[in-house]
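Engineer: Below you'll find the structure I mean.
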Amino acid sequence: MTYFVFFLGACFVIGILGVASNPSPYYGVVGLVLASVAGCGWLLSLGVSFVALVLFMVYLGGMLVVFVYSVALAAEPFPEAWGDWRVAGYAGALAAVVLVGLVLGGVVGSWGFGVVTVDSVGMFVVRLDFSGVAMLYSRGVGMFLVAGWGLLLTLFVVLELVRGLSRGAIRAV
Amino acid sequence: MSPLHLSFYSAFVLSRLGLAFHRTHLVSALLCLENIMLSMFVGLTMWPIENQTPSFTIVPIIILTFSACEAGTGLAILVASTRTHGSDHLHNLNLLQS
């Protein structure tokens, strides 16, 4: 089971590497979806299922869908996937940089295995993540209101940015 | 460093490098920014698991909220610059170059 969690961690890094090598955005979104699914499975394996579900729905189902629609702005006749030598070169160079940093940082020599979970079969009646996020509405109500206000503000920011035609922020005509 | 910490730390470093060494599209740079936020989210969720402090679970949720704000603003900038320059290529954003 421990090795399964490490496999999900490795899939996470591979997905991120797939996006960081900057292929055409159509393929970059695939890497991001792989990284989100692996991260979600990782959090599920560790026991925080509520936070994993929030990640899945808000991140994958909300933000990534909007990104996928906006990727249509990056249409080009010959999109570069990871097989292209430029993208593969970037991916190899980034992986080499991270590996060199790992070796120089002395990380590879000293590996501590072990996974902590939040399976509360013993003393706790309520799971850790459910009770923690529920505290956002009771003790953290100030932060909750600030976050809601920030979201409302962002709506108006986006509306002003894409207004166009003479009132817009970035518009030539 | 435990392997799981290593995993999200190297994901953070990789996406930061991917943002720094951007190539052609602005959308790719925004995707790397989203990856930074994703790795930070996973890393911040490891904290309440390992320290068994439920109240810290609020922080990843708040960070996800503000990451959604930032993604929306980034996409609005993408749309605005595509309207102006015709494409989202990063070498078009050169007004400040001498």
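Those protein sequence lines, which keep their order, are chains A and B. To convert, note that position 152 of the first sequence is 152 in this note's numbering; the numbers rise steadily by one, no gaps. To convert, note that position 40 of the second sequence is 1040 in this note's numbering; the numbers rise steadily by one, no gaps. Using N, Cα and C, we set each Cβ at its ideal position, and we do this for glycine too.
Please report whether the beta-carbon of VAL5/A lies at a distance below 8 angstroms from any beta-carbon of chain B.
Structural biologist: Counting from 1 along the first sequence, the entry for residue 5/A is found at position 5. Yes - at least one Cβ of chain B is within 8 angstroms of the one on VAL5/A.
Engineer: Using the beta-carbon count (16 or more within 10 Å), is ALA20/A buried or exposed?
Structural biologist: The residue you call residue 20/A lines up with position 20 of the first sequence. The residue in question, ALA20/A, is buried, as its Cβ has 16 or more Cβ neighbours within 10 Å.
Engineer: DSSP has HIS1005/B in a bridge; who is on the other side?
Structural biologist: Taking the first residue of the second sequence as 1, we reach residue 1005/B at position 5. Answer is none; HIS1005/B lacks a bridge partner.
Engineer: Could you check if SER1007/B is buried or exposed, using at least 16 other CB atoms within 10 Å of its CB as the buried criterion?
Structural biologist: The residue labelled residue 1007/B in the question sits at position 7 within the second sequence. The residue is buried, with at least 16 neighbouring Cβ atoms inside 10 Å.
Engineer: Assuming GLU80/A is part of the alpha helix (DSSP H), what are its boundary residues?
Structural biologist: Taking the first sequence and counting its residues from 1, one reaches residue 80/A at position 80. Per DSSP, GLU80/A lies in no alpha helix (DSSP H) segment and is marked neither H nor E.
Engineer: Under the assumption that LEU8/A contacts GLY41/A (Cβ atoms under 8 angstroms), give the Cβ distance between them as a whole number of angstroms.
Structural biologist: Translated into positions along the first sequence, residue 8/A becomes position 8. Translated into positions along the first sequence, residue 41/A becomes position 41. About 5 angstroms; that satisfies the 8 angstroms criterion.
Engineer: Listed in chain order, which residues of the segment 1013-1033 of chain B have Cβ atoms closer than 9 angstroms to some Cβ of chain A?
Structural biologist: VAL1013, LEU1014, SER1015, ARG1016, LEU1017, GLY1018, LEU1019, PHE1021, HIS1022, ARG1023, THR1024, HIS1025, LEU1026, VAL1027, SER1028, ALA1029, LEU1030, LEU1031, CYS1032
Engineer: Measuring alpha carbon to alpha carbon, tell me which of PRO1048/B, ASN1035/B, PHE1021/B ends up nearest SER1010/B.
Structural biologist: Within the second sequence, the letter at position 10 stands for residue 1010/B. Per the Cα distances, ASN1035/B.
Engineer: Helix, strand or coil for HIS1089/B per DSSP?
Structural biologist: For the purposes of this step, residue 1089/B is taken as residue 89 along the second sequence, with counting starting at 1. Judged by DSSP in its simplified three-state form, HIS1089/B adopts strand.
Engineer: Residues in its own chain within less than 7 angstroms of ALA1020/B by CB, not counting five upstream and five downstream?
Structural biologist: For the purposes of this step, residue 1020/B is taken as the residue at position 20 of the second sequence. Nothing listed; no residue qualifies.
Engineer: For GLY83/A, is the classification buried or exposed, using 16 other Cβ atoms within 10 angstroms of its Cβ as the cut-off for buried?
Structural biologist: Position 83 of the first sequence, counted from the first residue, corresponds to residue 83/A. Classification for GLY83/A: exposed.
Engineer: Identify, in the order they occur along the chain, each residue of the same chain with its Cβ nearer than 6 angstroms to the Cβ of VAL28/A, setting aside the five sequence neighbours on each side.
Structural biologist: For the purposes of this step, residue 28/A is taken as the residue at position 28 of the first sequence. The amino acid at residue 28/A is misidentified as Val; the sequence shows Gly. When the five nearest sequence neighbours on each side are left out, the beta carbons in the same chain lying within less than 6 angstroms of the beta carbon of GLY28/A are those of VAL19, in order along the chain.
Engineer: Does chain B have any CB closer than 8 angstroms to the CB of SER70/A?
Structural biologist: Taking the first residue of the first sequence as position 1, residue 70/A is located at position 70. True, the Cβ-Cβ gap to chain B drops below 8 angstroms.
Engineer: Could you work out which residues of chain B lie near LEU161/A, taking near to mean beta carbons separated by less than 8 angstroms?
Structural biologist: On the first sequence, position 161 is the one that residue 161/A refers to. Correct list: THR1073, ALA1076, ILE1077, VAL1079, ALA1080.
Engineer: PRO77/A touches chain B at which residues, Cβ-Cβ below 9 angstroms?
Structural biologist: The sequence position of residue 77/A within the first sequence is 77, counting from 1. Near PRO77/A there are no residues of chain B at all, since even the closest Cβ is about 12 angstroms away, more than 9 angstroms.
Engineer: Answer with yes or no whether the minimum CB distance from VAL37/A to chain B is below 8 angstroms.
Structural biologist: Position 37 of the first sequence, counted from the start, is the residue given in the question as residue 37/A. Taking Cβ atoms only, chain B never reaches closer than 8 angstroms to VAL37/A, which makes this a no.
Engineer: Assuming contact is defined by CB atoms lying nearer than 8 angstroms, are LEU1038/B and VAL1059/B in contact in what I supplied?
Structural biologist: Locating residue 1038/B in the second sequence gives position 38, counting from the first residue. Locating residue 1059/B in the second sequence gives position 59, counting from the first residue. Their beta carbons are not under 8 angstroms apart, which means LEU1038/B does not touch VAL1059/B by this criterion.
Engineer: For VAL66/A, which of LEU1078/B, THR1057/B, ILE1063/B, PRO1003/B has the nearest alpha-carbon?
Structural biologist: Stepping through the first sequence from its first residue, residue 66/A is reached at position 66. Answer by Cα proximity: LEU1078/B.
Engineer: Could you give the C-beta distance for ASN22/A and SER1087/B, rounded to a whole number, given that I count them as a contact under 8 angstroms?
Structural biologist: Taking the first sequence and counting its residues from 1, one reaches residue 22/A at position 22. Taking the second sequence and counting its residues from 1, one reaches residue 1087/B at position 87. Contact doesn't hold; Cβ gap of about 16 angstroms is too wide.
Engineer: Using the Cα positions of GLY150/A and VAL157/A, report the straight-line distance between them to the nearest angstrom.
Structural biologist: The residue you call residue 150/A lines up with position 150 of the first sequence. The residue you call residue 157/A lines up with position 157 of the first sequence. Computed Cα separation, rounded: 10 angstroms.
Engineer: Nearest-angstrom Cα distance between GLU80/A and VAL87/A?
Structural biologist: Counting from 1 along the first sequence, the entry for residue 80/A is found at position 80. Counting from 1 along the first sequence, the entry for residue 87/A is found at position 87. Looking at the two C-alpha atoms, the distance is approximately 7 angstroms.
Engineer: Which whole-angstrom value describes the C-beta separation of MET143/A and ILE1063/B, a residue pair presumed to lie in contact below a C-beta threshold of 8 angstroms?
Structural biologist: In the first sequence, residue 143/A corresponds to position 143, counting from 1. In the second sequence, residue 1063/B corresponds to position 63, counting from 1. Not confirmed; about 11 angstroms, so no contact.
Engineer: Check the Cβ-Cβ distances between MET57/A and every residue of chain B, and say whether any is below 8 angstroms.
Structural biologist: Start at 1 with the first residue of the first sequence, and residue 57/A comes out as number 57. For MET57/A, the answer is no, since every Cβ of chain B falls outside 8 angstroms of its Cβ.
Engineer: Enumerate, from N- to C-terminal direction, the unbroken alpha helix (DSSP H) stretches of 4 or more residues contained entirely within the segment 1004-1042 of chain B.
Structural biologist: none
Engineer: Against LEU1095/B, what residues of chain A qualify as contacts under a CB-to-CB distance less than 8 angstroms, listed in chain order?
Structural biologist: For the purposes of this step, residue 1095/B is identified with residue 95 of the second sequence, where counting begins at 1. Simply none; closest approach about 10 angstroms.
Engineer: Determine, using beta carbons only, whether ASN1035/B comes closer than 8 angstroms to chain A.
Structural biologist: Here residue 1035/B is taken as the residue at index 35 of the second sequence, counted from 1. With 8 angstroms as the cut-off, ASN1035/B counts as an interface residue toward chain A.
Engineer: Nearest by alpha-carbon distance to GLY1072/B: which of GLY1018/B, HIS1091/B, GLN1097/B, LEU1033/B is it?
Structural biologist: Looking up residue 1072/B in the second sequence gives position 72. Check the Cα spacing between GLY1072/B and each of GLY1018/B, HIS1091/B, GLN1097/B, LEU1033/B: the tightest is with LEU1033/B.
Engineer: Could you check how far apart the C-beta atoms of ALA1080/B and VAL162/A are, in whole angstroms? I think they sit under 8 angstroms.
Structural biologist: As a position in the second sequence, residue 1080/B is number 80, starting the count at 1. As a position in the first sequence, residue 162/A is number 162, starting the count at 1. The C-beta distance from ALA1080/B to VAL162/A rounds to 6 angstroms, short enough to meet the 8 angstroms contact threshold.
Engineer: Are the CB atoms of PRO1054/B and SER131/A within a distance shorter than 8 angstroms?
Structural biologist: Translated into the one-based positions of the first sequence, residue 131/A becomes position 131. Translated into the one-based positions of the second sequence, residue 1054/B becomes position 54. A distance below 8 angstroms separates the beta carbons of SER131/A and PRO1054/B.
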